[in-house]
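Step one of this worksheet: look at the structure below.
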Amino acid sequence: MPKLTLIDGSSYLYRAFHALPPLSNAKGEPTGALFGVVNMLRATLKAKPDYVAFVSDAPGPTFRNVLYEQYKANRPPMPDDLRAQIEPMLKIVGALGFPILRVSGVEADDVIGTLASQAHEHGVEVLISTGDKDLAQLVRTGITLINTMTNTTMDSAGVMDKFGVKPEQIVDFLSLTGDTVDNVPGVSKCGPKTAAKWLAEYGSLDGVMANADKVGGKIGEYLREALPALPLSRQLVTIKTDVPLDFTVPQLMLREPDVEALRELYTRYEFKAALKELDGTTAETITAPPPATATGVGPAPAPAAAKPSIASGKGEYELVTTQAQLDAWLARLQQAPLIAFDTETTSLDSMQADIVGVSLCVESCKACYIPLAHDYPGAPQQLPRDLVLAALKPILEDPTRPKVGQHAKYDMNILSHYGIAVQGLKHDTMLESYVWNATATRHDMDSLAKRYLDYETVKYEAVAGKGAKQISFSQVDLDTACNYAAEDADITLRLHHALWPQLESEPKLRQVYEKIEIPLVPVLAGMEQRGVLIDVNELRKQSQHLGKRMHELQQEAWQSAGHEFNLDSPKQLQAILFDELGLPAKLKTPTGQPSTNEEALEAIAHEHALPRLILDYRGLAKLRSTYTEKLAEIVNPRTGRVHTSYHQGAVATGRISSTDPNLQNIPVRTEEGRRIRQAFIAPEGWQVMAADYSQIELRIMAHLSGDEGLLRAFHAGDDIHRATAAEVFGLEPEAVSSNQRRAAKAINFGLMYGMSAFGLARQLGIDRGEASDYMARYFSRYPGVHAFMDATREQAHRDGYVETLFGRRLYLENLSSRNQALRAGAERAAVNAPMQGTAADIIKRAMIAVAAWLKGRDDAHMLMQVHDELVFEVRADAVQTVREAIRQHMSGAAELRVPLVVEIGAGKNWDEAH
DNA sequence: TAGATGGACTA
DNA sequence: ATAGTCCATCTAC
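The first sequence begins at 324 in this note's numbering and counts up one residue at a time.
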């Protein structure tokens, strides 16, 4: 089937202008937008369309301005720097051989709509290249949108995904939401979710308008206010498909490029990569100015004026593209006492990323970049990927060759996809910084370079753009890539030289770093790569069930409120509860609004039916949006499992966190929540095993405080909350009521959070005096705990930090703030930090020990860590053996004055394992 | 389209 | 009341 590509020139020019840094050439002429458009056109050519046209807005008013003089009246005038690029852009487009279409009286969109519909009728497949989502209304079978800057396409299903409505409903959708930038009136406060919801319910804009009086709430009023203007909005957003044109699709053929004109233009605007491509594709040798910079060995070339953000003179970076260069670097690596390495890839998600290049550094300021898979049009020849990786493999896998990385877990995951199991990771600068001071800075390379080297790194955004416009690193030209990537390896080594001498001189910190954090890196990498098996069908069933329940609750809530409203909007809810229904607002949000959170709704649940309905609805909505819907989407197609990312440098107390997905907040408290855990399963013939530390933080408090009463209770193996209640209320343990045990449990938790009488009172629903009384009784029975807390606060004030049992240092901010609330908060954090931090140290040590025991076994794998719990999958025949080994290694992870009790369960899913 | 807000889940 | 992550909505750029 023949193909027509229609390029929305105005959209690209505008987007490139905003997305790219304000580049300019040596003469000072702006080139940023041009650069973006040229790259996009080169990518378009690569796809070899049969027909193609570059459609651009013509100057002057259009029929929409006649319809509505306010149309686009809000738009600021085109910036001069952008206006100056239009003429050169048209010259380049013409020289490349694209037919240029500009039709006055209509917008580029209308010309595109008309041509797309003509081509469609004649059986021509249409690709519309644009960054403008309004064009989604043209999509149907055979008409697809493509965004060359993000390399994404959108067909009917894509439109449905993105907007929640069908392509033929997009016009209605846009009419409802309106567009403030273009001055298209819509329904006030109606966003994409609301518009999609209405259209799902009433089918079309006409349907919505006909049913306007059924829509309740403030938003219903807004809809009725907007009614008169909606037909106009629809006219404004509808793209014409019947513009009279004096040309037809078959005329839209690509012409031969005017190479001479292109060479002149590319030279003038300093488009190196494009220029190289030009010279590569023409046989003629014409005396042309040499490329702006040479590639290869030697000092980094002076930055081209078109890339002002590339720093120069700070390091010597070599682009390795020949075997001889590679051999020279391999020889250097053989000699090196420490090798800094880094990978460049196509994605931040290490499970989905492909390698694009490797950078190496063995001496400060001297680094190289070995590109392996840059595939932009005209990319120079690179060394074969497999050859380079095979050459590096023996070095990277040699445990006797020390290596340093920055966030090396990521690079280790990448390399493992190519059969390289990195060994000998001696240092990681992210972890050096984290152990040195977890809160002084973020631990990404840019922040570290700035803080510890006073060095401004090249930012990723500067080479690849940002947001929706970001390109893959494989699209970055080699010289730019080399400057960026080799710098990463260079700065890694320099950071290590700056941080290590400090860390080395602090024995306790050095121990935490060398015995805990560094050995944990390969353990976490292994867990991420293994992933966990998910029962997608089970989740799908639950999603449907939850959806049904939510719909029912929504109907009841609307009934109860007297009209329809968005149950997800705290704002609308607040208006209904406190203004319309006149219920008392018992709590305020930090901004002074009446709160509608769980506690506030619970407090008025006896006065009206609505609060309870909302609470139930929210519980289900959270489960559905965050878990049952999300987990199924995030299953890796290659492995069929879910792979989280663990972050070793994210939490101030030493814990690790988990994202994409966060597996550390899977529900457990409610029945519906536990059903989600039932979808975490083991393969046929395997079981899920979960091992929990019992009361680990309270045990740590007993150990750190040495309080005799607490130690005694743990040694006796008592129910600790009951024992606490017995002490506080002066009873025998058997005489403690469930309410008293509950109060004692709240006190125990409160202790770990740096309890205040205020907080305890809130938690227990008692007044502050009574709470103070409980606390006084607690501290008189457990004087060691009291002394420990005072000592901790004192140390925090004296040193500015507190320590864990293993010597991890936890700095506190705001301890001497003049703001009383901040200072009190910092003191609570100071009390909590040693306990939370020591627990984190202990489970990290346990993970290292368990992983060492599991190494080489094929009957059990560690999958997840949830702060005080480890989750495994274990082959059925090994359950007993593995259970005992895990118990032993977890219990033995620290020598405390109380036993470290571990509870272990196994079952066919995570829920059963508890 | 990014960031703030409010809410909800975990240990 | 300690430590996190993620979602939908709404606002401001």
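The C-beta atom is built at its ideal place from N, Cα and C for all residues, glycine as well.
Item: Per-residue burial, A396 [other beta carbons within 10 Å of its own, 16 or more giving buried]; Value: exposed
Item: Alpha-carbon spacing of K326 relative to W521, whole angstroms; Value: 36 angstroms
Item: Which listed residue (L1186, M1158, L1133, P934) has its alpha carbon closest to that of P1006; Value: L1186
Item: From N920, T951, E930, residue whose alpha carbon lies closest to that of D939; Value: N920
Item: Other residues of its chain near P614: CB distance less than 7 angstroms, five sequence neighbours each side excluded; Value: Unreliable positioning characterises P614 in this predicted model, as indicated by a pLDDT of 30, which lies under 50. The coordinate reading is nonetheless provided below. Same-chain partners within the cutoff: K595, L598, K599.
Item: Buried/exposed call for F1111, threshold 16 Cβ in 10 Å; Value: buried
Item: contact_flag[the region 452–462, the region 778–787] where n(CB pairs < 8 angstroms) is 3 or more; Value: no
Item: Cβ contact (3+ pairs, closer than 8 angstroms) linking the region 808–825 and the region 699–713; Value: no
Item: 8 angstroms Cβ shell around P345 - same chain, five flanking residues per side excluded; Value: P353, G355, D404
Item: Buried or exposed by the 16-neighbour rule on C-beta atoms within 10 Å, applied to G788; Value: buried
Item: Of the residues R1045, A1099, V643, the one placed nearest A1058, counting alpha carbons only; Value: R1045
Item: Where K1238 falls: helix, strand or coil (DSSP); Value: With the chain covering only 324 through 1237, there is no way to say anything about residue 1238.
Item: Uninterrupted alpha helix (DSSP H) stretches inside the region 1058–1087 (no shorter than 4 residues); Value: 1061–1075, 1080–1087
Item: Per DSSP, cross-strand counterpart(s) of T476; Value: I469
Item: With 16 other Cβ atoms within 10 Å as the buried cut-off, status of P1222; Value: exposed
Item: Collapsed DSSP secondary structure at N348 in the structure displayed; Value: coil
Item: Start and end residues, alpha helix (DSSP H) containing A439; Value: 431–444
Item: Terminal residues of the alpha helix (DSSP H) in which R655 lies; Value: 646–658
Item: The region 1163–1183 contacting the region 1199–1214, beta-carbon criterion three pairs below 8 angstroms; Value: yes
Item: Stretch pair the region 1188–1195 + the region 1012–1030: three plus CB contacts closer than 8 angstroms; Value: yes
Item: Three CB pairs or more closer than 8 angstroms across the region 690–701 and the region 755–762; Value: no
Item: The beta strand (DSSP E) enclosing K689, as first and last residue numbers; Value: 689–694
Item: Own chain residues within Cβ distance below 7 angstroms of P917, not counting five before or after; Value: Q897, F901, A908, K911
Item: Nearest neighbour of K749, chosen from L771, V482, R833 [CA to CA]; Value: R833
Item: G446 versus I937, T645, P573, residue with shortest Cα-Cα distance; Value: P573
Item: Contact set for G489: own chain, Cβ-Cβ below 8 angstroms, skip 5 residues either direction; Value: Reading off the sequence, residue 489 comes out as Lys, not Gly. Result list for K489: S479, V482, M483, in chain order.
Item: Cβ neighbours of E579 in the same chain (closer than 8 angstroms, five flanking residues each side left out); Value: G420
Item: Three-state secondary structure (DSSP) of A1156; Value: helix
Item: Anticipated Cβ contact below 8 angstroms, V1125 with A1153, distance rounded; Value: 5 angstroms
Item: Alpha-carbon spacing of K716 relative to D751, whole angstroms; Value: 19 angstroms
Item: Stretch-stretch touch, CB-based, cutoff 8 angstroms, three pairs: the region 991–1001 with the region 1176–1184; Value: no
Item: Exposure of G1250, with buried meaning 16 or more beta-carbon neighbours within 10 Å; Value: The structure shown does not extend to residue 1250, since the chain is modelled only from 324 through 1237, so no value can be given for it.
Item: 6 angstroms Cβ shell around A973 - same chain, five flanking residues per side excluded; Value: S980
Item: Where N1137 falls: helix, strand or coil (DSSP); Value: coil
Item: Proximity winner among K485, D536, L329, G417, relative to Q441 (alpha-carbon distances); Value: L329
Item: Bridge-paired residues (DSSP) for R1198; Value: W1009
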